[in-house]
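Asker: Before I ask anything, let me first share the structure, which is written out below as structure tokens.
There are 2 protein chains.
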Amino acid sequence: MIDKPELDKRKAFILATVVYEYINTAEPVGSVTLAQKYNLGVSSATIRNEMAELEAGGYLVQPHTSAGRVPSDAGYRTYVDRLMPPEQLTKDDTRRIRDRFREASRELGDVIEQTTRLLSGLSGNLAIAIAPSRDTHAFKHIQLIWLSARTSMVVVVTSAGVAAQRVIEWQTDVAPDDLTRLSNALNSRLGGRIMQDVTANQLDAICADSGASAEMRDAVRSTFAQARQTDEPGLAASGAQNLLDQPEFHDLRKLRAILRFVEEQRTLYDLVADELASDAPHKGQPHVRIGHELGPDELSECSVVTVPYSFGDRGVGVLAILGPRRMPYARLMALASGTARSLGDHLNDVEIR
Amino acid sequence: MIDKPELDKRKAFILATVVYEYINTAEPVGSVTLAQKYNLGVSSATIRNEMAELEAGGYLVQPHTSAGRVPSDAGYRTYVDRLMPPEQLTKDDTRRIRDRFREASRELGDVIEQTTRLLSGLSGNLAIAIAPSRDTHAFKHIQLIWLSARTSMVVVVTSAGVAAQRVIEWQTDVAPDDLTRLSNALNSRLGGRIMQDVTANQLDAICADSGASAEMRDAVRSTFAQARQTDEPGLAASGAQNLLDQPEFHDLRKLRAILRFVEEQRTLYDLVADELASDAPHKGQPHVRIGHELGPDELSECSVVTVPYSFGDRGVGVLAILGPRRMPYARLMALASGTARSLGDHLNDVEIR
DNA sequence: CTTAGCAGTCATACCCAAGGAGTGCCAAAC
DNA sequence: GTTTGGCACTCCTTGGGTATGACTGCTAAG
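As you go down the protein sequences, you meet chains W and A in turn. Count along the first sequence from 1, add 204, and you get the number used in the numbering used here. Count along the second sequence from 1, add 204, and you get the number used in the numbering used here.
Structure, rendered in structure tokens:
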């Protein structure tokens, strides 16, 4: 790859048109097609010269000598960053998104799962969602419920709803009053706290003060750990079968590699969570990664649009769309943003205040 | 299709061998292959004659004149019902299944989801599970939890764990005591009842007796409805990408049709729920449906193994494996049965008594 | 009833030539 | 200097024709 001189206006327009045409047709685009379909005011020979220079600059690639050109990662990158016309959501899409959230669940896990279904349906690609970390939710309530002398249930409620629930089998009998006393103590001393600020030591202290047994203390501690869900992040993906429709994935080997990748919760999480980790989380702006920018070789023919969502001023999660590099970037960015906004609004609405 | 005479011993053996060979190789099997690989004690010409008769009987099919034979639906059916040697789970598989359930979740939805992952992994096919209907669970506890003057949470616990939880926003202020009184009344009068036996009228009566408001009565009623989950059945499926490995699905059109079918919760549910509806639910025995027996045209090249599972003497759900007709029936039946048994045991273990 | 032999069928693989899409380059025109 | 028409060249794709080989079904002999 030589140096990348600034593109003059005509080169930029030709590059944009090549990308646009290729996104729509999935066929390498040649100089004659370009001259005929878009009136550039110059002949195909001129376009050929320009395309040759764009190829030398690393923006375009020729699959073989006698074929048209296809955008390279750098070509797509330039298109996305500087050339493509931004898109707004249509009224129709906006309404559809809003309607779907209107009847959406209040339960966090269900919500993100439904969101991926919506987004994969609208985008025609694979949609992924990461649930917001529960660390930043506010503690609302804990209730130890007496079921029988040896069994109880513990429920922890945060501002996002039920964060943990578990059944506990005691080694020794407990009385309903013991549970009520402990519940009350915890509630009065933890009310309004952010989950991540509740330490195990504090829990122990409260349990000790209200005369709870060691067994009860352990139960409380582990239920809180579960409520913060530090181990397994909420992750949902759907719409993988959409990828079958893309001509670039008609090669079964590629497709299989991609699906195996997506199947692994861990790798999928890492892929999308980059967005969470990034220091400057572009304030709600969608972010595009193209081909090799993604890292894993399996995804070298894919692109991913990610967009963070938030509700209130905390709890940030990520939505993502994974598809072929030849994706309608502007539209998918608009869709992802719109969905992220509606998702945030929905979570805000159902938040427990 | 002519009449189906009883198969003599040699025809039966040849049919069994053809099915076996085809299942292993995915190639139409010819008379010479058969004579060479399995010592039938007769020449290929004799086998040819027998195969011609098996084809006339509708057990075998020739893809084209100069190809070997492939089993028909009826051929597979006969193989499964009468010819194939039954298989036991290997110690290794048994252990693996048990280990996975040992560390499985206690939450019903998670359990069936994890079960499909396990079963698709072991079987190399698509696995499906339907959660048991919640109607037959025993009511354990209801708790109305005071969060603030205008918000409460209701949790309904059945013998299978938390069956419903919801946040309620009241139109008028409520006091913690009101909620406690109503919770106690419901618990004392409903304790031990089966969920489906709790009628809306009874709930109304109890609410009225304990002086609950109309608003509270409605909340209780709708939470119970949700707990019985009459609307949306718990359904999980995973391992669709396994189907990519099967040579019969390398035709993208077929594959897409199948995946679209599987994607639809409703159709998938209907497919598997046949097993629940059937009058004589073969007492835990796996049940095989082959090709057109399944009904939908999209699945005419697929087979499904279903097996009911139960815990205690109630609550029946279904596990299923969907794959190409050319599947190792005996092994998959053993796997499905073993997994169903372990699943039942696990649900039994985590049941609240 | 079994079997060897053989003719016949048909999918598949292969080669080769024609077709076509598209390029790069050059020389002339602007 | 840029643009353009022309043209040779490359190389993928397509289609036809042929050879190959894996089968079968049939027949006649064992």
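For each residue, glycine too, the CB sits at the ideal point set by N, CA and C.
Let me check one thing: in DSSP terms, what residues is A/L249 bridge-paired to?
Answerer: Numbered from its first residue, the second sequence carries residue 249 of chain A at position 45. According to the sequence displayed, residue 249 of chain A carries Ala and not Leu. In DSSP, A/A249 forms no bridge with anything.
Asker: Kindly say whether W/R304, judged by its beta-carbon, lies nearer than 7 Å to any beta-carbon of chain A.
Answerer: Taking the first sequence and counting its residues from 1, one reaches residue 304 of chain W at position 100. Closer than 7 Å: no.
Asker: May I ask you to list the residues that DSSP assigns as paired with W/T355?
Answerer: Position 151 of the first sequence, counting from 1, holds the residue named residue 355 of chain W. Per DSSP, W/S352 and W/E373.
Asker: Out of A/D422, A/F343 and A/S356, which one is the CA nearest neighbour of A/L394?
Answerer: Here residue 394 of chain A is taken as the residue at index 190 of the second sequence, counted from 1. Closest option to A/L394, Cα to Cα, is A/F343.
Asker: Could you tell me which uninterrupted alpha helix (DSSP H) segments, each at least 4 residues in length, are contained entirely in the stretch 256-335 of chain W, listed from first to last along the chain?
Answerer: Listed in chain order, they are 277-282, 295-306 and 312-327.
Asker: A/R529 and A/L499 - do their beta-carbons sit closer together than 7 Å?
Answerer: Start at 1 with the first residue of the second sequence, and residue 499 of chain A comes out as number 295. Start at 1 with the first residue of the second sequence, and residue 529 of chain A comes out as number 325. It is Gly, not Leu, that sits at residue 499 of chain A in the sequence shown. It is not a contact, given that the beta carbons lie outside the stated cut-off.
Asker: Could you work out which residue in A/E373, A/A379, A/G396 and A/T384 is closest to A/V189 when comparing CA atoms only?
Answerer: Limits of chain A in this structure are 205 at one end and 557 at the other, which puts residue 189 of chain A out of reach.
Asker: Mind pulling the chain A residues with CB within less than 9 Å of W/Y293?
Answerer: As a working mapping, residue 293 of chain W is identified with position 89 in the first sequence. The sequence shown places Leu at residue 293 of chain W, rather than the Tyr named in the question. Ordered by position in chain A, no residue passes the 9 Å Cβ test against W/L293, which lies about 25 Å from the chain.
Asker: Anything in chain W within Cβ reach of A/Q347, meaning under 7 Å, just list it in chain order.
Answerer: Here residue 347 of chain A refers to the residue found at position 143 when the second sequence is read from its first residue. Q347 and I349, listed in chain order.
Asker: From W/L264 to A/T221, what does the alpha carbon distance come to, in whole angstroms?
Answerer: Residue mapping note: residue 264 of chain W aligns to position 60 of the first sequence, counting from 1. Residue mapping note: residue 221 of chain A aligns to position 17 of the second sequence, counting from 1. Going from the Cα of W/L264 to the Cα of A/T221 covers about 56 Å.
Asker: Output the boundary residues of the beta strand (DSSP E) element that contains A/V509.
Answerer: Walking along the second sequence from the start, residue 509 of chain A turns up at place 305. C506 to F515 is the extent of the beta strand (DSSP E) around A/V509.
Asker: Pick from A/L551, A/D553, A/A540 and A/P532: whose alpha carbon is nearest that of A/R281?
Answerer: For the purposes of this step, residue 281 of chain A is taken as residue 77 along the second sequence, with counting starting at 1. Ranking A/L551, A/D553, A/A540 and A/P532 by Cα distance to A/R281 puts A/P532 first.
Asker: Can you tell me whether A/H550 is buried or exposed? The criterion is at least 16 other CB atoms within 10 Å of its CB, across all chains shown.
Answerer: As a position in the second sequence, residue 550 of chain A is number 346, starting the count at 1. Answer is buried; the Cβ neighbour count reaches 16.
Asker: Please confirm if W/E479 has its CB atom under 7 Å from at least one CB of chain A.
Answerer: The count along the first sequence starts at 1 and reaches residue 479 of chain W at position 275. Not closer than 7 Å to any Cβ of chain A, the Cβ of W/E479 fails to qualify, so no.
Asker: Taking just the CA atoms, how far does W/S546 sit from W/N552?
Answerer: In the first sequence, the residue the question calls residue 552 of chain W occupies position 348. In the first sequence, the residue the question calls residue 546 of chain W occupies position 342. Going by the C-alpha atoms only, they are around 10 Å apart.
Asker: Which residues mark the beginning and the end of the beta strand (DSSP E) in which W/H341 is found?
Answerer: Mapped onto the first sequence, residue 341 of chain W falls at position 137. First-last for W/H341: undefined, no H or E at that position.
Asker: Do the stretch 307-320 of chain W and the stretch 333-349 of chain W meet, that is, are 3 or more Cβ pairs less than 8 Å apart?
Answerer: Enough Cβ pairs lie closer than 8 Å, so yes.
Asker: Going by beta carbon distance, what residues of the same chain come within less than 7 Å of W/I423, once the five residues before and after it are set aside?
Answerer: Numbered from 1 along the first sequence, position 219 holds the residue referred to as residue 423 of chain W. Note that residue 423 of chain W corresponds to Ala in the displayed sequence, not to Ile. Taken in chain order, the residues that qualify are V358 and I372.
Asker: Taking all protein chains shown into account, do 16 or more other C-beta atoms lie within 10 angstroms of the C-beta of A/T427, making it buried, or fewer, making it exposed?
Answerer: In the second sequence, residue 427 of chain A corresponds to position 223, counting from 1. Buried is the call here.
Asker: Could you list the residues in the stretch 388-418 of chain W with a C-beta less than 8 Å from some C-beta on chain A, going in chain order?
Answerer: Against chain A - using a Cβ distance shorter than 8 Å - the stretch 388-418 of chain W contributes no residues.
Asker: Rounded to the nearest angstrom, what separates W/I206 and W/E468 at their Cα positions?
Answerer: Numbered from 1 along the first sequence, position 2 holds the residue referred to as residue 206 of chain W. Numbered from 1 along the first sequence, position 264 holds the residue referred to as residue 468 of chain W. For W/I206, the predicted model reports a pLDDT of 43, less than 50, meaning its position is unreliable and no value from the coordinates is stated.
Asker: When you compare each of W/H454, W/I346 and W/G245 to W/L407 by their alpha carbons, which one comes out closest?
Answerer: The residue labelled residue 407 of chain W in the question sits at position 203 within the first sequence. W/L407 has its Cα closest to that of W/I346, out of W/H454, W/I346 and W/G245.
Asker: Run through chain A and tell me which residues come within less than 7 Å of W/R556, C-beta to C-beta.
Answerer: For the purposes of this step, residue 556 of chain W is taken as residue 352 along the first sequence, with counting starting at 1. In the sequence under discussion, the amino acid at residue 556 of chain W is Ile, which differs from the Arg named in the question. Under the 7 Å cutoff, chain A gives L351, T355 and V371.
Asker: CB-CB under 7 Å to W/N243, same chain, minus the five flanking residues each way: which ones, in chain order?
Answerer: By one-based count along the first sequence, residue 243 of chain W stands at place 39. Excluding residues within five positions, none has a Cβ falling inside 7 Å.
Asker: Does the contact criterion of 3 or more C-beta pairs under 8 Å hold for the stretch 299-315 of chain A versus the stretch 255-264 of chain A?
Answerer: Segments in contact, no.
Asker: Near A/A441, what residues of its chain come up, given a Cβ to Cβ distance below 8 Å and the 5 sequence neighbours on each side ignored?
Answerer: The count along the second sequence starts at 1 and reaches residue 441 of chain A at position 237. The residues are T320, L330, A331, I332, A333, V466 and L472.
Asker: When the cut-off is 7 Å and only beta carbons count, does W/L475 lie next to chain A?
Answerer: Position 271 of the first sequence, counted from the first residue, corresponds to residue 475 of chain W. Not closer than 7 Å to any Cβ of chain A, the Cβ of W/L475 fails to qualify, so no.
Asker: Looking only at its chain, what residues have a beta carbon closer than 7 Å to the beta carbon of A/L348, apart from the 5 residues adjacent to it on each side?
Answerer: Working through the second sequence from its first residue, we reach residue 348 of chain A at position 144. If we look at A/L348 and ignore the five residues flanking it on each side, its Cβ neighbours are S356, V358, L383, L386 and S387.
Asker: For the beta strand (DSSP E) containing W/V466, list its first residue and its last residue.
Answerer: The residue you call residue 466 of chain W lines up with position 262 of the first sequence. Premise fails: W/V466 lies in the alpha helix (DSSP H), L456 to E467, not in any beta strand (DSSP E).
Asker: Kindly indicate the opening and closing residues of the beta strand (DSSP E) around W/A441.
Answerer: One-based indexing of the first sequence puts residue 441 of chain W at position 237. W/A441 -> beta strand (DSSP E) spans L439 to S442.
Asker: Along the chain, where does the beta strand (DSSP E) containing W/H491 start, and where does it finish?
Answerer: In the first sequence, counting from the first residue as 1, residue 491 of chain W sits at position 287. First-last of the beta strand (DSSP E) with W/H491: H491 to I494.
Asker: Determine, for A/K344, whether the minimum Cβ-Cβ distance to residues of chain W falls below 7 Å.
Answerer: Reading the second sequence from its first residue, position 140 is the one you call residue 344 of chain A. Closer than 7 Å to some Cβ of chain W, the Cβ of A/K344 qualifies, so yes.
Asker: How should A/V233 be labelled, buried or exposed, when 16 other C-beta atoms within 10 angstroms of its C-beta is the threshold for buried?
Answerer: Indexing the second sequence from 1 puts residue 233 of chain A at position 29. Result: buried.
Asker: Using 7 Å as the limit for Cβ to Cβ distance, is W/V361 near chain A?
Answerer: To locate residue 361 of chain W, count along the first sequence from 1; it is residue 157. Interface residue, yes.
Asker: How about A/E502: is its C-beta nearer than 7 Å to some C-beta of chain W?
Answerer: Looking up residue 502 of chain A in the second sequence gives position 298. Not an interface residue.
Asker: Mind checking which residues open and close the alpha helix (DSSP H) that includes W/Q445?
Answerer: For the purposes of this step, residue 445 of chain W is taken as residue 241 along the first sequence, with counting starting at 1. W/Q445 -> no alpha helix (DSSP H), and no H or E assigned at all.
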